[in-house]
């Protein structure tokens, strides 16, 4: 056991309980680095609890208990990694831990459920889950708080069973079983009265899909606040749809101004957009390097971080993302110069397509460690890479509204699933060619009507092109319908029977993690 | 008049197709029209229709796999029961005929419960 | 003089002890095992929290 990847059977660390028997020995240097990050993360968590409102929040909301398992989440996300891969993963995930603790602390400070500061709460705008927060760039004195994120999607990254209770509540309320588990979990959170209540008003959006949008109407029963819905056009490649969405953005800005008395600040908006453009350029560099024979920032590493900085859901300052992106780029080039690989051997370059149930499942990391399948990129990372107007001029002020419209139409998860055939299907083959991919790992969310309708088309087109497609059924936030082992078994079967390959680490084929976080 | 059965009144001076489209958009009671006033208006409309036809109860039904209807149905059930006091049967049904037996049983049970309430002299 | 040596020695010894203890906790995953142990008991706490009913707002309907 030690410095090399796959030098220890990682599957033997699971003993059927919630957690592993021990942490990895990764050689002296990497283990010491991992230890330091572990101390730092615990420090962030203890610092979070040092505030009275945070303690009240911890004991008020059931889902907060799962956040105690954050170190286990980090261990899953860094499983098997070494060298620059480990350091990049820690840079991203430790940042996520720090930012989540910071934004949770802010949230609880304004939370009316636990006697929070009403003046602070008045400076907050409650946001829909997964909704982009770039509109808040124009309101630097306000906070956009994604109140549903912490109790549903982020929760499920940490703990596989985190959202089960809320899904059941929504089904008891009358929502049918075929509806996507993500909006169900959000609704269940409201029904169960387990959601922080902050904000002067609420901004909804039609993200991710119609279910989420419909759920908002019922969730408003709990909020009892003025609300506005940014109903973006879903077909994003048409100029007319952008015009329509621009009107929605203007309406949202007017709504926030009316509700809060704050005025839109162009200087703040363009400052943040400039930094955002820098991040986009840095991301394009990463994509370029991933096209080579030595991809350095695969999906397992980057996916969640990219989700968060693309959407700005944690309302972290733009400068913070710039620093993280700089570190990742430096590590990326260091790894590239050494011709380091993200796994023992890259057997397959894959596109991970579909909405993810990846974080609690640790799926992308498992693909690397067990079968050498590198997720070169992911559907949710292939969102907008446009460079938007960032100089304050009269023409750019008009363009800025169109740019926001473009960004909001290309909201995470919705961009590819609802954006139309060209984005959801045609682009798959374009990316396979561009990134030189030989495999697609298709995460087939059972209740996602948008993507499942294209199942047959994906099969046919992949067969024409000689691309391997492995279908992975899952139910997003509900692990009972297709658990982690069922997902892994699909890959195991395909790799053994179709490709005739043997795993790098046979102990990872079947893992005793049915009860793990 | 029921949704889809109201006459389309055309006026001079405007494009016919636009008038027809506007009519369909404004008159439709499908839950895909989901701003709060439209959601509230649907419940009020349903209450008004049920009163007009002297209904004893309301059956709210949806086809499976529609993303809009589960939410509409769940909310509608609560509002019609708690705000307007209607006995409500709320069902979802698949496209297949094979489940007609189950549906029959549920509706029979619902009708019986309404009849029992009437016999006991209970208010609606 | 003895005090000048004794206090830093105690501090260093305590620090070294805590450091070694933290290494043991880290390597044997004792932090997560403790969370796993208390999780079912802490979960029961949340069952007793008073929850408000979920009703449609009167003014809309």
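Residue numbers (our numbering), protein chains in the order written: chain H, 1 to 517; chain Z, 518 to 641; chain B, 642 to 702.
Note that beta-carbon positions come from the ideal geometry of N, C-alpha and C, so glycine has one too.
- Per DSSP, reduced to three states, the secondary structure at residue 7 (chain H) is coil, with no helix or strand assignment.
- For residue 351 (chain H), the enclosing beta strand (DSSP E) starts and ends at 348-353.
- Judged by DSSP in its simplified three-state form, residue 253 (chain H) adopts helix.
- Taking every protein chain shown into account, the CB of residue 34 (chain H) has 16 or more other CB atoms within 10 angstroms, so this residue is buried.
- Counting along the chain, no alpha helix (DSSP H) covers residue 467 (chain H), and no H or E run does either.
- About 5 Å separates the beta carbon of residue 371 (chain H) from that of residue 495 (chain H), a gap short enough to meet the 8 Å contact definition.
- Here DSSP, grouped into helix, strand and coil, assigns residue 271 (chain H) to helix.
- Residue state for residue 607 (chain Z) is assigned as strand, using DSSP reduced to three classes.
- Here the C-alpha atom of residue 326 (chain H) lies approximately 47 Å from the C-alpha atom of residue 689 (chain B).
- The C-alpha of residue 182 (chain H) lies about 13 Å from the C-alpha of residue 131 (chain H).
- Where residue 74 (chain H) is concerned, the enclosing alpha helix (DSSP H) starts and stops at 70-77.
- For residue 697 (chain B), the chain Z residues whose C-beta falls within less than 8 Å of its own C-beta are 592, 595, 596, 599 and 600, listed in chain order.
- Setting aside the 5 residues that flank it on each side, residue 590 (chain Z) is surrounded in the same chain by 577, 579 and 607, each with a C-beta closer than 6 Å to its C-beta; the list follows chain order.
- Under a criterion of Cβ atoms nearer than 9 Å, the residues of chain B adjacent to residue 18 (chain H) are, in order, 673, 674, 676, 677 and 680.
- Interface with chain B (8 Å Cβ-Cβ cutoff): residue 71 (chain H) is included.
- Counted as a single uninterrupted DSSP element, the alpha helix (DSSP H) harbouring residue 627 (chain Z) occupies residues 617-636.
- Within the same chain, Cβ atoms closer than 7 Å to the Cβ of residue 407 (chain H) are found at 132, 134 and 384, the five residues on either side in sequence being excluded.
- Within its own chain, the residues whose Cβ lies closer than 6 Å to the Cβ of residue 596 (chain Z), once the five positions on either side in sequence are excluded, are 560, listed in chain order.
- Secondary-structure assignment with DSSP links residue 127 (chain H) through a beta bridge to H:203.
- Residue 227 (chain H) has H:202 as its beta-bridge partners, per DSSP.
- Between the segment 424-442 of chain H and the segment 318-334 of chain H, the count of Cβ pairs shorter than 8 Å is below three; the stretches do not touch.
- With contacts defined as CB atoms closer than 8 Å, residue 328 (chain H) and residue 88 (chain H) qualify as a contacting pair.
- In this structure, the CA atom of residue 615 (chain Z) is about 11 Å from the CA atom of residue 621 (chain Z).
- Along the segment 620-640 of chain Z, there is no position whose C-beta sits under 9 Å from a C-beta of chain H.
- In the DSSP assignment, residue 374 (chain H) forms a beta bridge with H:349.
- Residue 125 (chain H) and residue 273 (chain H) have their alpha carbons spaced roughly 20 Å apart.
- Of the other Cβ atoms in all chains shown, fewer than 16 fall within 10 Å of the Cβ of residue 261 (chain H); this residue is therefore exposed.
- Bridge partners of residue 579 (chain Z) according to DSSP: Z:609.
- Remark: C-beta atoms of residue 387 (chain H) and residue 348 (chain H) do not approach each other more closely than 8 Å.
- Around the beta carbon of residue 529 (chain Z), fewer than 16 other beta carbons lie within 10 angstroms, which makes this residue exposed.
- Residue 676 (chain B) is bridged by DSSP to nothing; it lacks a bridge partner.
- A Cβ-Cβ separation of about 6 Å places residue 355 (chain H) in contact with residue 476 (chain H) under the 8 Å criterion.
- Of Z:520, Z:521, Z:519 and Z:540, the smallest CA-CA separation from residue 527 (chain Z) is found for Z:540.
- In chain order, 241, 244, 245 and 409 place their CB closer than 7 Å to the CB of residue 233 (chain H), counting only its own chain and leaving out the 5 sequence neighbours on each side.
- Distance from residue 221 (chain H) to residue 681 (chain B) at the Cβ level is roughly 32 Å; contact not present, criterion being Cβ atoms closer than 8 Å.
- In the three-state DSSP reduction, residue 43 (chain H) falls in the helix class (H, G or I).
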